[in-house]
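S.K.: As they're listed, the protein sequences go chains A, B, C and D.
Residue numbering for the first sequence follows the working numbering, beginning at 1 and increasing consecutively.
Residue numbering for the second sequence follows the working numbering, beginning at 325 and increasing consecutively.
Residue numbering for the third sequence follows the working numbering, beginning at 649 and increasing consecutively.
Residue numbering for the fourth sequence follows the working numbering, beginning at 968 and increasing consecutively.
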Amino acid sequence: MAMKTYLQALNDALRQEMERDPDVFILGEDVGQFGGCFGVTQGLFKQFGEARVKDTPITESAIIGAATGAAATGLRPVCEIMFVDFIGVCMDQLFNQAAKMRYMFGGKAKIPMVLRAPQGAGIGAAAQHSQSLEAWFLHMPGVKVAMPSTPEDAKGLLITAIRDDNPVIFLEHKMLYGIEGEVPDEAIAMPFGQAAIRREGRDVTIVATSKMAHTALEAAETLAADGISAEVIDPRTISPLDTQAIVDSVKKTHSLIVAHEAVKTGGVGAEIAAQVAEAAFDYLDAPIIRIGAPFTPVPFSVPLEQAFIPSAADIVKAARRLRG
Amino acid sequence: MAMKTYLQALNDALRQEMERDPDVFILGEDVGQFGGCFGVTQGLFKQFGEARVKDTPITESAIIGAATGAAATGLRPVCEIMFVDFIGVCMDQLFNQAAKMRYMFGGKAKIPMVLRAPQGAGIGAAAQHSQSLEAWFLHMPGVKVAMPSTPEDAKGLLITAIRDDNPVIFLEHKMLYGIEGEVPDEAIAMPFGQAAIRREGRDVTIVATSKMAHTALEAAETLAADGISAEVIDPRTISPLDTQAIVDSVKKTHSLIVAHEAVKTGGVGAEIAAQVAEAAFDYLDAPIIRIGAPFTPVPFSVPLEQAFIPSAADIVKAARRLRG
Amino acid sequence: MSIDKEKMIQMFATMTRIRQFETKLQEFFAAGKIPGFVHLYIGEEAVATGACATLRDQDYITSTHRGHGHLIAKGGDLKRMMAEIFGKRTGYCKGKGGSMHIADVELGILGANGIVGGGGPIANGAALASKYRGNDRVVVCFFGDGASNQGTTQEALNLASAWRLPVVFVNENNGYGISCPTCKSMAVADIADRAAAYDIPGVVVDGNDVTAVYEAVGEAVKRARTGDGPSLIECKTYRWRGHFEGDACVYRDDCELEDWVKKDPIPRFEKKLQAEGILSVEKAEAIRKAIAAELDAAIAFAEQSPLPEASEILEDVYA
Amino acid sequence: MSIDKEKMIQMFATMTRIRQFETKLQEFFAAGKIPGFVHLYIGEEAVATGACATLRDQDYITSTHRGHGHLIAKGGDLKRMMAEIFGKRTGYCKGKGGSMHIADVELGILGANGIVGGGGPIANGAALASKYRGNDRVVVCFFGDGASNQGTTQEALNLASAWRLPVVFVNENNGYGISCPTCKSMAVADIADRAAAYDIPGVVVDGNDVTAVYEAVGEAVKRARTGDGPSLIECKTYRWRGHFEGDACVYRDDCELEDWVKKDPIPRFEKKLQAEGILSVEKAEAIRKAIAAELDAAIAFAEQSPLPEASEILEDVYA
Ligand SMILES: Cc1ncc(C[n+]2csc(CCOP(=O)(O)OP(=O)(O)O)c2C)c(N)n1
Ligand SMILES: Cc1ncc(C[n+]2csc(CCOP(=O)(O)OP(=O)(O)O)c2C)c(N)n1
Ligand SMILES: [Mg+2]
Ligand SMILES: [Mg+2]
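1. Please check the pair B:VAL600 and B:VAL622, which I expect to be a contact at CB under 8 Å, by giving their CB distance rounded to whole angstroms.
2. Using the rule of at least 16 other Cβ atoms within 10 Å of the residue's Cβ for burial, across every protein chain shown, is A:MET325 buried or exposed?
3. Classify D:HIS1035 as helix, strand or coil using the three-state DSSP reduction.
4. Just to confirm, does C:ASN822 get its C-beta within under 7 Å of one of the non-hydrogen atoms of ligand 3?
5. Check whether the Cβ of D:ARG1208 lies closer than 7 Å to any heavy atom of ligand 2, and answer yes or no.
6. What residues in the segment 735-749 of chain C have a beta carbon less than 9 Å from any beta carbon of chain B?
7. Return yes when at least one heavy atom of ligand 4 lies under 7 Å from the C-beta of A:VAL55, else no.
8. So C:LEU807 contacts chain G; which residues on that side make the cut at Cβ distance below 9 Å?
9. At the level of alpha carbons, what is the spacing between B:THR561 and D:ARG1235?
10. Is A:PRO77 helix, strand or coil when you go by DSSP?
11. Taking C-beta pairs closer than 8 Å, name the residues in chain C that A:MET91 reaches, listed in chain order.
12. Beta-carbon within less than 6 Å of D:CYS1216's beta-carbon, same chain only, minus the 5 sequence neighbours each way: which residues are those?
13. Can you find a heavy atom of ligand 2 that lies under 7 Å from the Cβ of D:GLU1212?
14. Give a yes or no on whether the C-beta atoms belonging to C:GLY855 and C:CYS883 are separated by under 8 Å.
15. Identify every residue that forms a DSSP beta bridge with C:TYR824.
16. For B:CYS403, which of B:GLY502, B:ILE512, B:ARG376, B:GLY444 has the nearest alpha-carbon?
17. Going by the beta-carbon positions, is the gap between C:LYS653 and C:ILE914 smaller than 8 Å?
18. Spatial neighbours of B:ALA422 within its chain, please: CB distance less than 7 Å, with the 5 preceding and 5 following residues excluded, ordered by chain position.
19. Take A:GLY269 as the anchor and find which of A:ALA219, A:MET175, A:LEU241, A:ILE26 has the nearest alpha-carbon.
20. Near C:VAL686, what residues of its chain come up, given a Cβ to Cβ distance below 7 Å and the 5 sequence neighbours on each side ignored?
21. Measure from the alpha carbon of D:GLU1139 to the alpha carbon of each residue in D:PRO1133, D:ARG1104, D:GLU1270, D:SER1030, then state which is nearest.
22. If you follow the beta strand (DSSP E) that A:PRO118 is part of, which residue opens it and which one closes it?
23. For C:MET656 and C:LEU955, which I take to be in contact (beta-carbon distance under 8 Å), what is that distance rounded to the nearest angstrom?
24. List in chain order: all unbroken beta strand (DSSP E) runs of 3+ residues lying wholly within the segment 462-513 of chain B.
25. Which residue from D:GLY1003, D:LYS1000, D:GLY1034 puts its Cα closest to that of D:THR1016?
26. Terminal residues of the continuous alpha helix (DSSP H) containing C:ASP876?
27. For D:ASP1071 and B:GLY431, what's the separation of their Cα atoms in angstroms?
28. What number of angstroms, rounded off, separates the C-alpha of A:THR205 from the C-alpha of A:GLN131?
29. Does A:ALA117 have its Cβ less than 8 Å from a Cβ in chain C?
30. Count the CB pairs spanning the segment 551-561 of chain B and the segment 514-534 of chain B that are closer than 8 Å, and state whether there are at least three.
31. Decide if A:LYS211 is buried, meaning its Cβ has at least 16 other Cβ atoms within 10 Å, or exposed.
32. Just checking: is the beta-carbon of A:ARG102 within a distance shorter than 8 Å of some beta-carbon in chain C?
33. What are the residues that DSSP puts in a beta bridge with C:ASN819?
34. Would A:CYS37 be called buried (16 or more neighbouring beta carbons within 10 Å of its own) or exposed?
35. Exposed or buried, which one is D:TYR1102 when buried takes at least 16 other CB atoms within 10 Å?
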């Protein structure tokens, strides 16, 4: 174990998996000598050379297609889409090709590829460079979706993603790259579909994804001072989703808040709320409250962007409302 | 009023709006002499000529971009994407450009365009020609989303869509093109955000979109024979969504089923369930049940495709479960 | 390039097999026996046949919505193809894919594709794997004239050329994308001219002349295999049937079709083989009969095979 | 084409205005005064200036992530630009857009764009509107060398040529897409060669020579305005700064930059104007001073303007 940033943890995972398996390679824009727009692939070009760390032109459809075709013929590509916001130029290759190929072919293909992309607001990058789009990927049979919130998870989940025989969409939060935490030195795969209970509590369950898991912990701290004991659950992967852990928690706390940074309407919070409203209805003592961004594109200016990103105060208010 | 098919109703709306407003024009693949893949634009090329009914190459990004640019500079384009499944090749032009342009420009542009596309399974067209993708569009600030289920709504909502100053995604269900119903002869705009109560009932609320509204009515018929009185609500537009009508109904029936043809996980049903689980929690006597397609691509073979499409029996079973 | 006699006869047989297969499908579709869309390859047989005849078993192809010809030419099994098109569990995709998604990864067939322009990026991926591994497998990417306007195709051409990938882009220019004639969808007369945008060879060839296709594609395959990168071969041809079965073809003149029927690639090649003494009338007849029998067996197989059970729907989503 | 003196002086002023504006931004960014990404246009001023100088007020442009130069050249107001980049409510987009989304539809500026290749399809739309209405407005679509590999750009070129739309595609080939040199992203040496794929004129021009840009784009604008369709003008140039402020430029040699700094388009043009007796040393200095004053006023305006209120977030989503 050592203290590492989320970014270093990702870099570790890539390096160790590439050392372990010669079929693993990286492709994307500026992932080579430049080291990736946020630096995640730093040093890999030097270590593995340009055959395994491949700079591409600006051509996201061709990137995902190249990954898909290479995966279908036996390699294990890890491609980077520089910002998840660019998914719109290449969505077809992802959702109609990579995601469906196995099914359409009657189970006769494997597509072991990873699509890494940073999400999220907070750096003033405005409407086309700040989105959180996981809800689209949740609604996409054939892919898995990981959203690590800690350095340890970043490493463990990326290792699992690379070893998985299906397309995995791996969503990093750009505001988390710099956070530090303990990370195992070895390459330990962290299972998909197992939520982390970030904090135990009795009174209210807060399910929060990605960076919002940190916001939820902050809120839990404030709530504790009020005498409200919040349980914070981080699903870690939303597809598969650990519904059981959420339901178990709700059975204990009898109330649920779901928080994410994506736009609230049609977000992943809706799915989680709906699952609980079906599976644990009888245990609920209060309405399910969702916290998410307002129904707008991400605005540029700092005060607007800050108003866009759900805050700990929003969660605290919701929890108080539930108790009140 | 006259009996017309859903398809004729759409065609009527296009023709009347083009007669009324010279700024309205059509573009898309095979929309000209061919009349559109499903025949929706039949006859318009002959009446309005190729300046106003424009056949494009196979170039969806350029189609949506052309519509966006033309709309931003004052025209009112109606573009056809032949199957909604093709949205993946042009999603960027829709969600990062058309949808966000007004906001990014600080309110200084209007984008009065319509994107028409057929959705849905039922003709054995398999995984890339049968999807229902409205959940993606629901999660997209800046656009409105209509899903007509009757010939009258098809006409009225399309007229409203064309007159709206925002991008409207207009989702037709390909299995509904042939259904008949009374349609007003005049061009009457039907307001967005007003659900239709297709059948009044006391015991359970069934919210069902597009073709599923018909399936829900079928289910309600069966349930009536059991002594269960179901209220069937068709939202007509999901963005804006008439939450009030749904909540009002739930306050009366104390239970909710949401049904759609899209894959259940992450579908629009989740949003509706979540809204009700927050806004009408205290009125609910039972879990909210969602009916949607299983978490798979759309399979080709008839028995598989039929198993994919949610049925009246599924709704009936859910209603009985709620009552049981 | 001289083509050995055995290969010539094989190519004749392949074209005949495609023609017979498609003609049967036409009947079955008309009789309501096939669900979904069917896009027939009748009239274009020389393209798939000539192109695939240049390939080795381990080489790859990516196909299109109009894929039956490509699949047959790459060695696809008629039984499993027919069963798939009928939606049977014994089909290539267990009935999950249908006509537009037939694949046989073991035979190097990386799928028909329902998305116009969908195949190019994937073809690059297979070619990249070949280069990565240092084996010399080549990929043929079939795409239509309409598909050449799709951004994914153009990106695929660019990446293949920037990376010198072993891909041969075989354009089937049949004059139309559904109802849209090429003269309305693009300003260039020859799609091969687009090769200039990527600094790769661009060749126009008579797509109804199977040996011409074989030679042009063969040259490109050789280039690709030896590391000289991709090529674009445009094969001018024509589809006899509507875009899909059921299309009334209001957008084109009958006389255009008649002209092209005169250029039917199969009798043309048959006559040539006869003239050169490679194929006798009897041998040709025997080939036709053998294929008809093979096809009958495929049809019987497909008809007798079971449909999938509803419960199978959840299988094969994930590995 | 002979350029009148007034226009020459205007072009000198525009280039100077862009240079001063960008140089200030460089300082402000370093001082932490600007949120988000800033992509500077220093070194490329002749392209936007020469291209926009051929346009009328009612004509349109679409821009890119590196948009300040285009906007200034099309007449953008420095005050509102600066305020927007500072995230102020008085900015062009009320602080909602920032550097990458500045637009002024009334001035024909259809937006900077954060998506590489995003502008081409939209440019076609404005051109289509012009053709539809029968007015003769022309659209200039700026795009980078990197953007020329994006499918949306290629689709836009194709549709514009198939429909003979009045668009001039002005390629700014500054040698890199972030860290990727053009020689790695494409096999062609000249992006202008890509015009052949659409049968439109393709011209290479020295992008650091404002009159050469003016002439080549002017020719293309004339063609477009008279109904002869689109052109592709490639302007070879160089960005002096990193891709965005903060980029250490590990991917290129300092001597490359030095060579290009020697080709600085502004002193080069200034000398020419002096030699031709069009612009005196004093006049040039006066222009620089006036622009500096204008810029100071813009900065003061931006600094003194209020930030938006959080409550404004919900406005402007829908019309
Ligand atoms: C992205 C996309 N757009 C549109 C379609 C609908 N479509 C199916 S085939 C076709 C025409 C294709 O033309 P071409 O590439 O020339 O192939 P051909 O049918 O002539 O063999 C169209 C428009 C599609 N399947 N995918
Ligand atoms: C679709 C998309 N892919 C990638 C990016 C990230 N990105 C922003 S600018 C840029 C380089 C653009 O290069 P070029 O077109 O040559 O313009 P330049 O920056 O040199 O002016 C990249 C890759 C983006 N914004 N959009
Ligand atoms: Mg064609
Ligand atoms: Mg560049």
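Think of the CB as a built atom: it goes at the ideal place given N, C-alpha and C, for glycine as much as any other residue.
These figures come from a predicted structure and were not determined experimentally.
M.R.: By the coordinates alone:
1. Not quite, the Cβ-Cβ distance comes to about 28 Å (not below 8 Å), so this is no contact.
2. With chain A covering only 1 through 324, there is no way to say anything about residue 325 of chain A.
3. helix
4. yes
5. no
6. GLY735, LYS736, ARG737, GLY739, CYS741, LYS742, GLY743, LYS744, GLY745, GLY746, SER747, MET748, HIS749
7. Note that residue 55 of chain A is Asp in the sequence shown here, rather than Val. Answer for A:ASP55: no, Cβ out of range of ligand 4.
8. In summary, chain G is missing from the structure at hand, where the protein chains are A, B, C and D.
9. 60 Å
10. strand
11. Those within 8 Å of A:MET91 in chain C number zero; the least Cβ separation is about 11 Å.
12. GLY1209
13. no
14. yes
15. C:PRO829
16. B:ARG376
17. no
18. ILE388, THR392, ILE435, MET437, PRO491
19. A:LEU241
20. LEU673, PHE677, SER747, PHE892, GLU893
21. D:SER1030
22. 114-119
23. 41 Å between Cβ atoms; not a contact.
24. 468-470, 492-497, 504-507
25. D:GLY1034
26. It is not in any alpha helix (DSSP H) - C:ASP876 carries neither H nor E in the DSSP assignment.
27. 11 Å
28. 26 Å
29. no
30. yes
31. buried
32. yes
33. C:PHE791, C:GLU882
34. buried
35. It should be pointed out that residue 1102 of chain D corresponds to Asn in this sequence rather than to Tyr. The residue is exposed, with fewer than 16 neighbouring Cβ atoms inside 10 Å.
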